[in-house]
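One structure is given below, encoded as structure tokens.
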Amino acid sequence: MGASGKFSRRGLLGGGVAVAGALAHTTLAAPAYAESSAPIVCDNLVIGTGYGGAVAAYRLAAHGRTVRMLEMGKRWSTAGTDGKIFNRMISGADERSTWFRDRTVLPLTHFVGIDINRNIPRGPGVLDRREFGGMGVYLGRGVGGGSLVNGGMAPRPRRDVLARELPALDLDSFFWNYLPRAELRLGVNRIPLTFRETTPWYQFTRTAIRDAVQAGYRIADVPNVYDFAHMMGEAVGLRPKSALDGQVIYGNDHGKRDLRKTYLGRAEATGRVTIDTMTEALTIQPRLDGYLVTAQVRDQSGAIVRQVTYQCRHLYLGAGSVGTSELLLRSRAAGLLTNMPGELGTGWGPNGNVMFARANHLWRPTGSKQSGIPVAGIDNWDSANPCFTEIAPLPAGVDLFVQLYLAIADSRTRSNFTWNGDSLKLDWSPAHSAEAIGIVDRTFQKINNQQRTIYRVDLFGTGRPFSDNFTYHPLGGATLGVVTDEHGRLRGHPGIYVCDGALIPGMVGVNPFLTITALAERLMDDVLRRGA
Ligand code: FAE
């Protein structure tokens, strides 16, 4: 870095093109740090260690290829002084919880007027929230990406939704081959119904099911990657507790089969995969025999300590909908990646996410014990108000009589990522969420009318029954068959593959990681078949 505090062209690009304007936001609080030396040369470079990246790395390594992975978060393998790797959701959040912030950013912000977020030391915490004006996007940070923080729900998408949103897909092979393979390799399993129906840990689910059934709605048992044999062991004190210890959204110490235990574990076990952590890719630039990727390395305080460049033949983009869109748009704005499809950044959506809660009567308890892992949904898709709604836990340790839900509404509203001078922009305002909220409100008002209940209006600020400003499921930006070919190859740039949630145009109708995994498996079959 030059004395002026700006990136030097030589340090950033190893002798390439000027990108200072496009990268201005990445200067952060950068102190002096070493400029990059010669690029690190690799055959296959994978950016991001979430679902798409993990599948690409595993499939390549299993075929004897060496793989380098870049991950902007840390490796989560060491317990803190409390003996835990991760925090609980409600109590005891510290620097492990939130990505470089002084205060937590919980999706539920208040309870009866009290702000429930808390001050924390800054650190490379596992949960990030990227703010884009009217939309906050929750993301997992670390080796394992979203698998570290998510609820593990792995339902299959509907054929009609996939046919509408991803017309490039051959649905028969997707349903007969790729979804089952993804389920197997992710370790998807189902909660035994006798356990769900009897354990105090799922009282919140039983109460919600009863109300929904009385309103005439269909219940879907939702598969999950949490090991339910482990959970049943937790319930009787035979296995160390995670889901039954309030662990959800800030990571899970034991029973969840996140990607560290599945794809990434298997990939690293080949000995052919190297993961560079705390390393954020910034730009991509074509070279004669592949691509040059610039990156910056942070220390645990967030300071940028080094620039690195990588020279690769094949580049797999698995940084997620936000990360992959950002990389491509920034590289285009910097003039590094030209000849990009005009649709880059378009077709973004929050998967119709709406979080909300109902206030239960005292005779309808949700339970003081609540598992952190959701296992059931209310399926109202085949109706005038199509939505699929996960029955969500609120593991506070006391019965709050709050019935929490995360709905996925069939909203057709989409938006676009753009590059605006120095940063990624997303045009999303509360008006964009109105369609999804209307669908959810009409669905659940029926339950409220029948049960004589009301929405909680205190959880997202004052007088707000519905969240209209965040999502757990960002999707789109480099959509399949539009920005990429029908498998995920970036149009106009041979050797670059998109393998993550950026492929899905804003909506998949259910929780998305199973579909993302299956799409990445499908891409890698094609890549390996063609001998790339
Ligand atoms: P993702 O898993 O986000 O991985 C991207 C990775 O790339 C991350 O590790 C990033 O740190 C890293 N990265 C980003 N930019 C860069 C860069 N420039 N350089 C280097 N590294 C970078 O992407 N989905 C479900 O299906 N079921 C659920 O129950 C569920 N619950 C959720 C709960 C929460 C609280 C959250 C936040 C999400 C949940 N999701 C759930 C969404 C799911 O985790 C998400 O769709 C997938 O993780 C997306 O997978 P990708 O491979 O696209």
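Residue numbers (the working numbering): 1 to 532. No residue lacks a Cβ here, since even glycine has one placed at the ideal position from N, Cα and C. For clarity, every value in this text was computed on a predicted model and none was experimentally measured.
Rounded C-alpha distance that separates Ala30 from Asp427: Because the pLDDT of Ala30 is 38, which lies under 50, any placement of that residue in the model is unreliable, and the question is left without a value.
Cβ-Cβ separation, Pro350 to Pro474 (assumed contact under 8 Å), whole Å: That pair is a contact at about 6 Å.
Could you pull the start and end residues of the beta strand (DSSP E) that His314 belongs to? For His314, the enclosing beta strand (DSSP E) has its first and last residue at 304-317.
Taking the alpha-carbon of Gly477 as reference, which of Glu165, Trp348, Tyr263 has the nearest alpha-carbon? When only C-alpha atoms are compared, the closest one is Trp348.
Who are the Cβ neighbours of Arg185 in its own chain at under 7 Å, not counting the five residues just before and after it? Cβ neighbours of Arg185 beyond the five flanking positions: Thr262, Tyr263.
With burial defined as no fewer than 16 other Cβ atoms inside 10 Å of the residue's Cβ, what is the status of Asp115: buried or exposed? Result: exposed.
Taking buried to mean at least 16 other C-beta atoms within 10 Å of its own C-beta, is His25 buried or exposed? Low confidence applies here, because His25 scores a pLDDT of 38, under 50, leaving its location unreliable and the question unanswered by this model.
Tell me which residues share the same chain as Ala54 and place their Cβ nearer than 6 Å to its Cβ, disregarding the 5 neighbours each side in the sequence. Leu259, Tyr263, Leu264.
According to DSSP, simplified to helix, strand and coil, what is Trp581? Nothing in the structure corresponds to residue 581, since the chain is present only between 1 and 532.
Reduced DSSP category for Leu288 - H, G, I as helix; E, B as strand; rest coil: The answer is coil: DSSP assigns Leu288 none of H, G, I, E or B.
With hydrogens ignored, establish whether the beta-carbon of Ala154 is closer than 7 Å to any heavy atom of the ligand FAE. Within 7 Å of the C-beta of Ala154 there is at least one heavy atom belonging to the ligand FAE.
Where do the N-terminal and C-terminal ends of the alpha helix (DSSP H) with Arg529 fall, by residue? Run containing Arg529: 513-529, per the alpha helix (DSSP H) assignment.
Measure from the alpha carbon of Thr198 to the alpha carbon of each residue in Gly251, Val354, Gln311, Ala235, then state which is nearest. Answer by Cα proximity: Ala235.
Are three or more beta carbon pairs between the region 299-318 and the region 276-291 nearer than 8 Å? Yes, since at least three Cβ pairs between the region 299-318 and the region 276-291 fall closer than 8 Å, the two stretches touch.
If you drop the 5 nearest sequence neighbours on each side, which residues of the same chain put their C-beta closer than 7 Å to that of Pro121? Hits under 7 Å: Asp94, Glu95.
Starting from the C-beta of Leu28, find all residues in its chain whose C-beta is less than 6 Å away, skip the five residues before and the five after it, and write them out in chain order. Bear in mind that the predicted position of Leu28 carries a pLDDT of just 38, short of 50, making it too unreliable to give a figure here.
Roughly how many angstroms separate the alpha carbons of Thr517 and Tyr178, rounded to a whole number? Approximately 8 Å between the Cα atoms of the pair.
Indicate, with yes or no, if the ligand FAE has a heavy atom lying under 7 Å from the CB of Pro512. Within the cutoff, so yes.
Keeping to the same chain, check which residues put their C-beta closer than 8 Å to that of Gly136; ignore five residues upstream and five downstream. Once the five neighbours on either side are set aside, the close Cβ partners of Gly136 are Val105, Arg129, Arg130, Asn469, Phe470, Thr471.
Hey, could you find the ends of the beta strand (DSSP E) Gly140 is sitting in? Looking at the DSSP string, the run of the beta strand (DSSP E) that includes Gly140 is 135-140.
Enclosing beta strand (DSSP E) for Ser423 [first to last residue]: Ser423 -> beta strand (DSSP E) spans 423-426.
Can you name the residues that DSSP bridges to Tyr250? Beta-bridge analysis with DSSP links Tyr250 to no other residue.
Could you tell me which residues DSSP pairs with Met124 in its beta bridges? Note that residue 124 corresponds to Pro in the displayed sequence, not to Met. Note: Pro124 sits in a beta bridge opposite Trp99.
May I ask whether a heavy atom of the ligand FAE can be found less than 7 Å away from the beta carbon of Ser321? Yes, since a heavy atom of the ligand FAE falls inside the 7 Å radius drawn around the Cβ of Ser321.
Mark Thr81 as exposed unless 16 or more other C-beta atoms lie within 10 angstroms of its C-beta, in which case mark it buried. Burial state of Thr81 is exposed, judged by a 10 Å Cβ sphere holding fewer than 16 other Cβ atoms.
First through last residue of the beta strand (DSSP E) which encompasses Met69: Per DSSP, Met69 is one residue of the beta strand (DSSP E) stretching across 67-70.
When every heavy atom of the ligand FAE is checked, does at least one fall within less than 7 Å of the C-beta of Tyr51? Checking the Cβ of Tyr51 against the ligand FAE gives yes.
Using 8 Å as the threshold, is the C-beta distance between Pro39 and Leu514 below it? The Cβ-Cβ distance between Pro39 and Leu514 does not fall below 8 Å.
Got a sec: does the ligand FAE put a non-hydrogen atom nearer than 7 Å to the Cβ of Asp500? Remark: the shortest separation between the CB of Asp500 and any heavy atom of the ligand FAE falls under 7 Å.
Using the Cβ count rule (16 or more neighbours within 10 Å means buried), how would you classify Arg218? Label assigned to Arg218: exposed.
For the ligand FAE, I want to know if Ile516 counts as a neighbour, meaning its beta carbon is within less than 7 Å of at least one of the ligand's heavy atoms. Yes, the Cβ of Ile516 comes within 7 Å of a heavy atom of the ligand FAE.
What do you reckon, is the C-beta of Thr277 under 7 Å from a heavy atom of the ligand FAE? Flag unset: Cβ of Thr277 not near the ligand FAE.
Is it a yes or a no for the region 138-150 touching the region 358-377, going by three-plus beta-carbon pairs under 8 Å? Not touching, per the Cβ criterion.
Nearest candidate by alpha-carbon position, reference Glu183, set Asp526, Gly531, Pro512: Selected option, being the one with the closest Cα: Pro512.
Best match in Leu480, Met278, Ala220, Ile209 for proximity to Leu404 [C-alpha to C-alpha]: Among Leu480, Met278, Ala220, Ile209, the Cα nearest to that of Leu404 is on Ile209.
Could you compute how far the alpha carbon of Val457 sits from the alpha carbon of Leu406? When rounded, the separation of the alpha-carbon atoms in Val457 and Leu406 is 15 Å.
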